[in-house]
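So for the sequence shown, our numbering puts the first residue at 2; every next one is plus one.
We put the CB at the ideal spot given by N, CA and C, even for glycine.
This one's a predicted model, so the numbers in the text were calculated from it and none came from an experiment.
Quick notes on the structure that follows.
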Amino acid sequence: MLSGIHNIHFIGIGGAGMSALAHVLCERGFHVSGSDKNAGGICEKLKALGAVVYQGHASGQVNGADAVVISSAIHPDNCELVAAKEQGIKVMHRSDVLAELLNHADGVAVAGAHGKTTTSAMLSCIAAQGGIDPTIVIGGEVTSLGGNARSGKGRYVIAEADESDGSFLKFYPLYALVTNIENDHMDHYGSEENIYAAFKQFVGSVKPGGAAVLCMDNPKLRRLAQETETRVISYGIDDEQADYVAKDIVYHTGGTDYKVYKNGSLFAEVQLIVPGRHNVLNSLGALVCAVEMGIKMDNILKALKEFTGAHRRFETKGRVNGVWVVDDYAHHPTEIGVTLKAALQTKPQRLICVFQPHRYTRTQLLFNEFCACFKGCDKLIVTDIYAASEDPIEGVNSQKLAEGIKETSGVDVEYVPSMADIESYLAANARTGDLVMTIGAGDVYKVGEELVADLQRSNENV
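Put into structure tokens, the structure is as follows:
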């Protein structure tokens, strides 16, 4: 698919998945260009690799391209996409390019409704430290990797597989690591059974000699493990029958420790500096896959012990005057509940959360679940829905959601549409011992960044 292509243009090059692919292709000698409405920091890294990045979209920017790459977020009437089609330029979905990389190597594809970015980041760090020189294409930036991608000379390609639009069904990995299956992306799948069928097909696409690494704490994956013909390696916390089980878990202010039992016998002792039960599962999945890949246990444990997290996954934005400001990408009720549990395990004096719902369709479909998932917050502020290119749905709004949360959970919650007003409130009311957390897949993280800057300015003026 990439044969005969030298000049390749990405529409929306600043997106997490698009930028990772562009990074790898730059390092593999392609002439890469791209455009984005918000050509931020990640685009500067691409420029340093030789990419030409345009701020905003214009039809002339595709001139000279042999191929144009788009994601599902690119609207059909985008001027660059229209121009590419008019000129007869080959148009490829990002998943087609990723499939080209992954399917022609020993691919490791990490999928799941929640945890796939952190799990793939952990596995990538293990593989990079394990001396196997992998190619990496993941959705979150990782400090120890210097970004979200690298082109290696080894046999493995580690990639985050996106189930949201079904494009992960183009992949034929050697190892398929699945963290969980949840009812999400109903706009694409339409039913719970269709989601399950897609994951079953994905697991069934594993190459001969490979395996599916599945988390048995998820009921749908327990079912899938029984139904698939692919070799399964199982892991979990709750299911004692899994091949690898995490036990003796200790949560503390510096992270989490646990022991791994394989087929009932002590196999390894893991130390993490990232908090929460969900990170026990994330790291256990990465460990199991790394063992299958032949990486030495010393390298696995060292990489996990040094893993500081992925961008926007329980990411510390700053600590000022005893106020800890954290951002998390959680945008599904299950993710939010898991993230809040991890936050509470750090034992803050108060947990103050700012939530920005993501998509009108998700807010409508999971309204009752959102109303019930914020228990444990001492204070919750809900701001307007981040549309993510969707049109508004009548009767679906954040004010109603805030009212529903208060009625269902009894949480001290209020609706505040203005980000500036939220930041001002936090700056005036946050105190020593507080954990302030911004939650959502939109741009709510900016509130935390501005809060940190505001608190630092206050210190300077004292």
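Suppose you measure from the CA of residue i to the CA of residue j; what does that come to, to the nearest Å?
i              : j                 : result
alanine 23     : phenylalanine 169 : 18 Å
alanine 52     : serine 410        : 49 Å
histidine 7    : alanine 84        : 19 Å
serine 152     : isoleucine 133    : 12 Å
aspartate 244  : histidine 115     : 21 Å
isoleucine 377 : valine 412        : With the sequence shown as reference, residue 377 is identified as glycine, and isoleucine is not the correct amino acid for it. If you take the alpha carbons of glycine 377 and valine 412, they lie about 8 Å apart.
glutamate 230  : threonine 362     : 35 Å
alanine 287    : valine 437        : 29 Å
asparagine 398 : isoleucine 423    : 18 Å
proline 358    : lysine 117        : 20 Å
leucine 222    : lysine 201        : 9 Å
leucine 175    : leucine 367       : 34 Å
isoleucine 296 : leucine 305       : 13 Å
histidine 32   : histidine 105     : 21 Å
cysteine 126   : aspartate 444     : 27 Å
threonine 433  : asparagine 322    : 6 Å
proline 135    : asparagine 39     : 30 Å
alanine 247    : glutamate 293     : 17 Å
valine 54      : proline 349       : 43 Å
valine 289     : alanine 199       : 23 Å
Starting from the Cα of residue i, find the closest Cα among the options and give me that residue.
i                 : options                        : result
alanine 162       : Gly148, Leu146, Val138, Ala150 : Val138
histidine 58      : Gly167, Ala66, Asn79, Ser72    : Asn79
glycine 148       : Leu50, Pro77, Asp166           : Leu50
isoleucine 234    : Ala212, Arg224, Asn181         : Ala212
glutamate 370     : Arg224, Asn184, Val69          : Asn184
glutamate 451     : Thr433, Val289, Tyr426, Glu293 : Tyr426
phenylalanine 268 : Met294, Gly255, Arg278, Met298 : Met298
leucine 47        : Asn64, Thr340, Ile75, Ala17    : Ala17
alanine 112       : Ile196, His94, Val143          : Ile196
histidine 76      : Gly65, Asn64, His94, Gln62     : His94
alanine 454       : Ile394, Lys318, Pro334, Ala344 : Lys318
glycine 167       : Lys248, Gln62, Ser72, Ala150   : Ser72
threonine 254     : Ser266, Ala247, Glu241, Val275 : Val275
serine 419        : Leu402, Thr384, Ala431, Ala388 : Thr384
alanine 429       : Arg458, Val414, Glu408, Leu402 : Arg458
aspartate 67      : Val92, Gln56, Ala74, Ala431    : Val92
phenylalanine 308 : Thr120, Pro220, Val98          : Thr120
glycine 310       : Ala160, Glu395, Asn219, Gly140 : Gly140
glycine 143       : Cys216, Gly5, Glu194, Phe315   : In the sequence as displayed, the identity of residue 143 is valine instead of glycine. Comparing Cα-Cα distances from valine 143 to each of Cys216, Gly5, Glu194, Phe315, the minimum goes to Phe315.
glycine 155       : Val179, Gly205, Leu103         : Leu103
threonine 335     : Thr180, Ile238, Glu228, Asn64  : Thr180
leucine 4         : Gln62, Met19, Val98, Asn64     : Looking at the sequence shown, residue 4 is not leucine but serine. Measuring from the Cα of serine 4, the nearest candidate turns out to be Val98.
Look at residue i and residue j and say whether their C-beta atoms are less than 8 Å apart.
i                 : j              : result
tyrosine 416      : arginine 313   : no
methionine 123    : asparagine 283 : yes
asparagine 300    : glutamine 130  : yes
alanine 177       : valine 158     : no
valine 355        : leucine 456    : no
lysine 380        : isoleucine 353 : yes
phenylalanine 203 : glycine 108    : no
glycine 338       : cysteine 374   : yes
alanine 343       : glycine 277    : yes
valine 326        : glycine 449    : yes
aspartate 249     : tyrosine 236   : no
valine 261        : leucine 285    : yes
aspartate 240     : arginine 351   : no
alanine 150       : alanine 21     : yes
isoleucine 14     : glycine 30     : no
arginine 360      : glutamate 404  : no
leucine 402       : threonine 364  : yes
alanine 160       : alanine 110    : yes
The beta strand (DSSP E) that contains residue i, what's its start and end?
i              : result
arginine 223   : Taken as a continuous stretch (DSSP letters only), arginine 223 belongs to no beta strand (DSSP E), being part of the alpha helix (DSSP H) at 220-228.
tyrosine 236   : 233-237
valine 412     : Run containing valine 412: none; DSSP gives neither H nor E here.
tyrosine 259   : 256-263
asparagine 184 : It is not in any beta strand (DSSP E) - asparagine 184 carries neither H nor E in the DSSP assignment.
methionine 438 : 435-440
threonine 367  : The sequence shown places leucine at residue 367, not threonine. Counting along the chain, leucine 367 falls outside any beta strand (DSSP E), and DSSP gives it neither H nor E.
valine 98      : Segment 95-104 is the alpha helix (DSSP H) holding valine 98; no beta strand (DSSP E) there.
Which stretch, first to last residue, makes up the alpha helix (DSSP H) that contains residue i?
i              : result
isoleucine 423 : 420-430
glutamine 350  : Run containing glutamine 350: none; DSSP gives neither H nor E here.
isoleucine 127 : 117-130
arginine 360   : From DSSP, arginine 360 is part of no alpha helix (DSSP H); its letter is neither H nor E.
valine 25      : 17-28
alanine 291    : 278-293
methionine 298 : 298-307
Just to check my reading of the structure: residue i and residue j have Cβ atoms closer than 8 Å, yes? What is that Cβ distance to the nearest angstrom?
i             : j              : result
glutamine 346 : tyrosine 252   : 5 Å
aspartate 328 : threonine 439  : 5 Å
glutamate 101 : methionine 2   : 5 Å
glutamate 81  : isoleucine 182 : Not quite, the Cβ-Cβ distance comes to about 35 Å (not below 8 Å), so this is no contact.
isoleucine 90 : valine 69      : 5 Å
cysteine 44   : aspartate 37   : 6 Å
Of all the CB atoms in chain D, is at least one closer than 8 Å to the CB of residue i?
i          : result
valine 143 : Checking the listed chains, one finds no chain D in this structure; it contains a single protein chain.
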